[in-house]
Structures are given as C-alpha cells and as structure tokens.
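> If you read the sequence shown in our numbering, its first letter stands for residue 240, the second for the next number, and so on. Quick reminder that beta carbons are idealized off the backbone N, C-alpha and C, glycines included.
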Amino acid sequence: MSGWSEAKRGVVLAGLGMAGLAVGLKGPGVAVFAAGARLIERDWRRRHPEFRGGMRERWAEALRFYRETHENPTNRLLHQIGIPLILGGVGGLFLSSPRRRPSVWLTSLGAFAAGWAANLVGHAVFERRAPAFSEDALSFVAGPVWYLSRC
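This is how it looks when you write it as structure tokens:
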C-alpha cells in the first residue's frame with residue numbers, strides 16, 4: 240500500500256474495518272474503519288486547501304457532494320434499498336455474535352452484504368463513478384441522512 244494515495248489506503252482500511260465487524264470483531268473493526276475514514280478525510284482536506292469553513296460548512300459540502308454523486312435514478316433506487324439493509328445489518332452485527340446468536344448474525348451479515356452489493360452495483364452499472372465515500376469520508380454518514388430525508 241506504500242504507493243497508494245491516502246484516500247485509497249483509507250478506503251481499504253474502512254473496508255477491512257467493515258469486514259472485521261462482519262466476522263464479529265466489533266472493537267477492532269470500528270477502530271480500523273475509523274482509521275480509514277480519517278485518512279479519507281485528511282486526503283479530502285489536502286485536495287481542498289481552499290476550504291476554510293467549520294463543521295457546518297463541511298457537512299453542507301458533504302451533502303452537496305453526495306447528491307452530485309447520486310444523480311442516476313436507478314442508482315438512487317438501489318441506494319434507497321441498500322442503505323436500510325446496511326444500517327439494519329450493522330445494528331444486527333453489533334447486537335449479535337456469530338457464536339451466541341448465529342441466526343441473527345447470519346441474517347444481519349446477509350442484509351449488510353446485500354445492501355453494499357446494491358449500492359456498489361448502482362455506482363458501477365448506473366452512476367458509472369466511484370462511491371462517494373472513496374472521496375469524502377463524511378459520505379458514510381451523508382448517505383443515511385440523504386436516505387432519511389427522502390422518506
């Protein structure tokens with residue numbers, strides 16, 4: 240990973256963190272995910288040296304970017320399906336254990352994976368651009384907020 244950009248390393252770490260959560264390593268998974276998100280955010284700030292705003296302005300920019308990267312109607316529909324699956328899956332993965340409640344854990348893992356699959360297909364096939372989180376770590380939060388604002 241030494242020749243990779245900070246954002247690319249961040250995306251890999253965020254993905255590894257999610258994988259850690261998926262296999263039951265909750266604390267380490269969250270820590271690795273957070274490290275990845277920090278790298279993505281640091282890269283965003285490096286690429287936007289003109290940005291001088293506070294958190295409110297940064298949040299507005301994240302929402303604007305999220306909307307801009309989700310213009311295709313089919314991609315939006317897939318996200319309206321995928322985001323609740325991801326959120327429900329994450330909740331179930333946090334509340335269950337592969338050893339103590341394997342059926343809940345497997346159902347949660349399935350929802351989590353199906354949600355991500357829907358979102359990634361939306362970007363690859365319909366939007367034809369990388370997911371927003373690969374350029375802006377706040378998109379991990381902007382996505383669910385966008386979804387809730389459409390309900």
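1. Rounded to whole angstroms, what's the CA-CA distance from Phe333 to Leu260? Just pull it up for me.
2. Taking only three categories from DSSP, how would you classify Pro383?
3. Apply the 10 Å Cβ neighbour rule to Leu345 and answer buried if 16 or more other Cβ atoms are within range, or exposed otherwise.
4. How big is the Cα-Cα spacing for Glu310 and Tyr386?
5. Using 10 angstroms around the beta-carbon of Leu317, count the other beta-carbons present and answer buried if the total reaches 16, otherwise exposed.
6. Since Gly263 contacts Gly275 with CB under 8 angstroms, what's their CB separation in whole angstroms?
7. In whole angstroms, give me the CA-to-CA distance for Val360 and Pro337.
8. Starting from Val343, trace the alpha helix (DSSP H) both ways and give me its first and last residue.
9. Taking only three categories from DSSP, how would you classify Asn311?
10. Starting from the Cα of Ala258, find the closest Cα among Ala363, Ala376, Ile325 and give me that residue.
11. Cα separation between Gly382 and Tyr305?
So, to answer that:
1. Start at 1 with the first residue of the sequence shown, and residue 333 comes out as number 94. Start at 1 with the first residue of the sequence shown, and residue 260 comes out as number 21. Phe333 and Leu260: Cα-Cα distance of roughly 8 angstroms.
2. The residue given as residue 383 occupies position 144 in the sequence shown. Pro383: helix per DSSP, three-state reduction.
3. Residue numbering aside, residue 345 sits at position 106 when the sequence shown is read from its first letter. Counting other Cβ atoms within 10 Å of its Cβ, Leu345 stays below 16 and is therefore classed as exposed.
4. Residue mapping note: residue 310 aligns to position 71 of the sequence shown, counting from 1. Residue mapping note: residue 386 aligns to position 147 of the sequence shown, counting from 1. Using only the alpha carbons, I get a separation of about 14 angstroms.
5. In the sequence shown, the residue the question calls residue 317 occupies position 78. Counting Cβ neighbours within 10 Å, Leu317 comes out buried, since at least 16 surround it.
6. Position 24 of the sequence shown, counted from the first residue, corresponds to residue 263. Position 36 of the sequence shown, counted from the first residue, corresponds to residue 275. Contact flag wrong, Cβ pair sits at about 19 angstroms.
7. Looking up residue 360 in the sequence shown gives position 121. Looking up residue 337 in the sequence shown gives position 98. Val360 and Pro337: Cα-Cα distance of roughly 27 angstroms.
8. Walking along the sequence shown from the start, residue 343 turns up at place 104. In the DSSP assignment, Val343 falls within the unbroken alpha helix (DSSP H) covering 341-360.
9. Within the sequence shown, the letter at position 72 stands for residue 311. DSSP places Asn311 in the coil class of the three-state scheme, outside both helix and strand.
10. Against the sequence shown, residue 258 aligns to sequence position 19. Ranking the options by Cα distance to Ala258, first place goes to Ile325.
11. Translated into positions along the sequence shown, residue 382 becomes position 143. Translated into positions along the sequence shown, residue 305 becomes position 66. Gly382 and Tyr305: Cα-Cα distance of roughly 7 angstroms.
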